[in-house]
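Have a look at the structure below before the remarks.
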Amino acid sequence: MASAQAFTTTLTLVIIFIMLTSARCGELFCAAARPNSTTLLRDVLAIKAFKKAVFDPLGALEDWTGDDPCNGPWKYIECSDASLNKTIIQLSLSNLQLGGNLPSSLQVLSELKSLDLGNNDFHGQIPKWIGKLTKLMALDLQSNDLDGAIPRELGKLNELFFLRITNNSLSGSLPEEFGKLSSLKILACENNFLSGPFPPSLMKLTNISHLHMDHNQFTGSLPDWLGQFSELVHLVLNDNLIVGSLPSELGNCFKLQQLKLDNNLIEGPIPATFGFLTALVDMRIHNNSLSGFIPTAFNNLISLHVLDLGANNLQGSIPNNMGNLESLVFLNLEKNKLSGIIPSSFAEFSTIEIINLCENKLKGIIPDLGLSSNLYLLELEDNLLTGLVPPSLRKTGLELLLHGNPLCSEATNKELSSCSLRHHLHAMGSMPSTCICPSGMILRSLYMESQNSAHCDCVAPLLIELFFPRVLFQRCTSHKQERLGSNLARELYLESWQVIVQSVAQNDTGTDAIFLILPVVGLFLDSPTLMRIKKKLYAPYLSAVWFDGEFGWFDYTVLQFIMPLGPGEMNRYPSEAINQSSPRPSKSIVETLLIIVSSIIGGIGVLLALLFTTILLWRRRLRNKEPHHIYKRSHNVASFCDIELDPVFSGSCSNVSVERDESLAKIFTMDELNICSRNFCSKNLIATGGSGAVYRGTLQDGTAVAIKKLWGLAECGDEEFQNEIQMSRHRHGSSHLMQLLGYCAQQDERVLVYELMPHGSLLDYLKGGRQEYPVAFLDWRTRIQIALDTARGLRHLHESNPPVVHRDVKPSNILLDENFHAKVADFGLSKVFLFSESSHVTTRVIGTFGYLAPDYSMTGKLTVKSDVYSFGAVLLELLSGQNILFLNEEGNTDFLIPWAKPLLKHEKTRNLVIDPGLRDECPTKAAELMVGLILSCLELDPDRRPKMITVESILDVISDIPITVESNNNSA
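Residue numbers (UniProt numbering): 1 to 972.
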């Protein structure tokens with residue numbers, strides 16, 4: 001999934017690059033432009049003819065009026081920078097339901113660099129005239145109704161960087177002429193009917209980084225020359241008809257992160273050279289005919305998250321050194337011929353969540369694999385295992401499947417539910433002709449792959465409602481809904497029949513889909529399966545699910561998670577898992593909104609219907625009551641919070657090992673913190689966030705403090721908590737960094753105590769931040785002071801010895817004191833470099849989407865320049881007064897950076913970005929310097945971004961520029 005995110009990020013960078021590219025008119029079609037018009041007449045005529053030719057049911061092109069597309073209200077168009085005779089260089093017309101054949105009038109737009117017609121209803125063949133657009137760098141025709149062969153004329157697009165023709169009905173083979181696309185880096189043609197072997201000419205595409213050709217009918221074997229693609233990051237060829245063996249030369253693709261070859265006809269051994277693919281995150285070769293042994297060199301794949309070699313003919317033992325795969329989350333070796341014992345090194349997996357070794361010939365005892373706190377599914381069915389089940393594997397929350405092993409016949413194990421047959425245990429025979437389920441329940445047998453049942457098989461499903469902030473379908477057919485359900489089933493490790501798409505509703509803001517999840521046996525989903533689904537959907541590192549086909553990598557928000565309970569089932573589920581609901585996101589797709597409501601409801605039948613109805617109505621009430629984008633999470637508030645407590649401090653304060661500097665942070669007891677916060681009373685609640693709730697408190701000496709109580713951290717060595725404490729020594733001595741006054745780590749509690757910042761965070765003063773409108777207007781001087789204070793704080797971190805990277809610079813982490821001076825806060829994600837390091841490479845990219853530097857999110861390489869990019873985003877928010885996600889003039893959610901950067905580059909459009917409230921007080925020179933600083937901080941190349949010492953110097957100059965009457969009258 002991380003690799004799919006890298007693919008999406010790469011596409012974003014391509015589009016941003018094209019938006020920022022300055023285009024000069026090459027050959028002018030008509031030199032005599034109309035008076036008062038800046039657009040070349042040729043382009044005006046072409047774009048008008050395009051509007052006339054296409055079917056536009058939504059009226060998306062209604063504002064294409066007049067004769068000057070480059071200097072008017074025409075949406076979806078970008079033009080060159082020329083003062084006269086501007087040419088159209090970008091058309092972005094995706095998701096507009098435009099239809100018809102692709103109009104030939106576009107062929108005269110000879111300066112066009114980007115053409116995006118994806119997710120529309122265009123039909124017919126891809127026209128040959130596209131080959132005349134020789135300056136095209138990006139062409140996106142995905143998700144239309146295009147058919148026929150791919151025209152060989154596309155081979156004339158020598159500057160083409162990105163080509164996506166995904167999800168159409170294209171047929172035939174890839175043209176030999178594709179070998180002429182020497183600049184091509186991304187080729188996506190999945191989900192078509194393309195066939196034939198790899199054209200030999202493709203070996204010339206040595207710059208290719210993403211090759212997505214899955215779900216077609218490609219044949220032949222994998223060519224050896226794939227190993228020459230030294231820039232290859234994704235090789236996705238699953239669900240084709242590929243035969244032959246795996247070429248050992250693929251081991252030369254050292255940058256490869258995703259290798260998907262599942263569901264083909266590949267045979268032979270796995271080359272040992274695959275052990276050289278140390279950047280690999282996702283390897284799937286499931287359901288082929290591989291033979292031989294699992295290479296011992298796989299222990300080098302330390303970045304690997306997913307390894308799926310199931311449903312092959314692999315034999316021999318599982319290498320004992322596989323425990324070295326420290327990043328592994330999913331391991332599937334099912335349905336092979338593996339023998340020997342389960343390696344004891346599996347106990348060293350620290351991040352593993354799912355292990356599937358079923359249907360092999362593994363023998364011996366089960367090693368103690370339950371030490372990993374993340375493991376929640378262990379499938380060992382149909383092997384030759386004996387002995388006792390280790391106690392650690394009997395823990396709550398772990399789904400252990402052992403049916404079909406000799407150990408299940410031993411007296412000590414007979415009572416284990418793990419030895420029960422998991423598969424469908426329905427009596428054979430005809431289903432009764434009349435089956436009426438109680439309200440709120442459905443008939444499982446109608447959806448199972450085998451519908452044989454002699455009784456009415458009514459079950460209570462889990463209901464999940466997901467909101468995708470984009471339109472998934474142009475035409476929502478039953479076939480597409482079925483594919484959506486099967487994709488979700490795969491992501492949740494369920495059988496496809498278990499996931500029913502109950503409804504799909506779409507509007508301009510996105511897609512609302514309701515799914516029903518059926519249990520395999522019994523009335524309700526068993527607890528381990530429920531916990532697995534919940535953990536997958538609400539995992540802190542997961543805000544998006546990969547959906548194949550026309551779906552792709554989509555962000556989502558969980559709107560409902562409703563689990564009906566029946567008699568006797570009350571204690572099987574934690575209360576927070578019963579019902580989780582949140583308001584529909586009005587703006588952000590960055591953070592998952594959660595409002596966890598705990599309740600206990602008994603009974604089935606009519607009571608289940610009442611449960612569903614009540615929660616649906618309550619969710620609607622919440623949406624109306626809280627329309628703003630905030631992050632909430634339920635927490636216990638003592639009912640006696642207003643009772644005065646005796647000031648008696650007792651008890652051991654810390655029972656975890658925490659490295660600390662005795663001179664910097666005090667250790668508090670929970671008794672002390674309960675008193676100074678009045679038992680964490682709701683009246684003292686300041687804010688809630690992803691990691692905890694913040695309360696106002698007063699220490700015994702009268703000092704006002706902010707007390708951050710972290711959410712349920714039962715583990716003693718929590719990384720972010722430890723990081724926050726250890727960072728106190730690095731921020732000591734700077735008045736621009738939030739000081740940690742103390743902490744408490746007592747039993748399951750983790751609490752941090754800071755100085756109180758009475759004016760909250762910068763986020764409160766941005767439009768669309770914590771609420772729709774800012775709490776107060778910040779004038780120019782105040783904004784520059786906030787920027788300068790923040791820069792000084794970051795400079796202190798970057799110039800520490802060793803350097804420190806904050807990793808999460810954003811408005812909510814910039815707090816304001818009583819004089820509106822800023823301090824940088826929240827160091828839980830900060831990274832301290834080793835003394836010998838100037839950068840750090842990680843496979844776990846963390847931070848906040850929208851503020852992450854592209855180089856860091858794509859490659860995992862972290863430097864101090866990563867913070868500089870994030871700070872540039874904050875400067876842009878200060879200048880515009882807008883949050884990083886904002887509502888544009890059309891009322892749609894937009895990203896601030898790609899919207900603002902091209903406007904800031906031109907003096908005439910700069911005013912569109914600057915906060916209207918600042919225009920009468922922002923000096924022209926100051927605005928010019930600020931815009932230049934923002935653009936330099938947001939450079940895609942980290943080497944071109946300034947150091948924080950330079951940023952601070954420029955902000956110092958800006959702050960010294962006086963506000964005069966002259967500047968007011970000539971403000972930018």
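The beta carbon of each residue, even a glycine, is placed where N, CA and C say it ideally should be.
Of the other Cβ atoms in all chains shown, 16 or more fall within 10 Å of the Cβ of A745; this residue is therefore buried.
A straight line joining the alpha-carbon of D382 with that of P295 spans about 24 Å.
Taken through DSSP and simplified to helix, strand or coil, D764 comes out as helix.
For T790, the enclosing alpha helix (DSSP H) covers residues W780 to H798.
When secondary structure is reduced to three states using DSSP, G872 falls in the helix class.
A distance of 9 Å or more separates the beta carbons of A149 and N101. In the structure shown, D826 adopts coil according to DSSP, grouped into three states.
R750 is classed as buried because its beta carbon has at least 16 other beta carbons within 10 Å across all chains shown. Per the C-alpha coordinates, the member of R944, L955, G364 and D855 positioned closest to K925 is L955. Residue state for D224 is assigned as helix, using DSSP reduced to three classes.
About 6 Å separates the beta carbon of L136 from that of L160, a gap short enough to meet the 8 Å contact definition.
Nearest C-alpha to Q90 among G72, P103, S110 and S83: S110. Residue pairing by DSSP places G124 opposite L146 in a beta bridge.
DSSP places F721 in the helix class (H, G or I) of the three-state scheme. Around the C-beta of K335, 16 or more other C-beta atoms lie within 10 Å, and the residue is accordingly described as buried. By the beta-carbon neighbour count (other beta carbons within 10 angstroms, threshold 16), E465 is buried. Within the stretch 163-227, no alpha helix (DSSP H) run of at least 4 residues lies entirely inside it. Two segments are said to touch when three or more pairs of C-beta atoms, one from each, lie closer than 8 Å; by this definition the stretch 787-807 does not touch the stretch 750-760. DSSP places C408 in the helix class (H, G or I) of the three-state scheme. Membership of K52 in any beta strand (DSSP E) is not indicated; the residue belongs instead to the alpha helix (DSSP H) covering L41 to A53. Scanning its chain for C-beta atoms nearer than 6 Å, with the 5 sequence neighbours on each side dropped, one finds around L331 the residues L307 and I355, in chain order.
Runs of beta strand (DSSP E) with 3 or more residues, each lying fully within the stretch 62-133, are found at 77-79, 88-92, 114-116 and 121-125, listed in chain order. With 16 or more other Cβ atoms inside 10 Å of its own Cβ, A188 counts as buried. In the DSSP assignment, the residues bridged to G340 are L362. Between I365 and L393 the beta-carbon gap is near 11 Å, outside 8 Å, which marks them as no contact. The three-state reading of DSSP puts C253 in coil, since its state is none of H, G, I, E or B. Bridge pairing for T511: F468 and Q506 [DSSP]. Between L133 and L117, the gap from beta carbon to beta carbon reaches 9 Å or more.
Taking the Cα positions, L740 is about 12 Å away from F668. The C-alpha of G131 lies about 53 Å from the C-alpha of R444. When beta bridges are read from the DSSP output, Y754 appears opposite A706 and L740. Looking at the backbone, the Cα of N71 and that of P942 are separated by about 33 Å.
DSSP places T848 outside both helix and strand once states are collapsed to three, so it counts as coil.
The three-state reading of DSSP puts Y695 in strand, counting E and B together. Contact annotation, H736 with K823: C-beta distance approximately 6 Å; criterion of less than 8 Å satisfied.
Under the three-state reduction of DSSP, V957 is assigned to helix.
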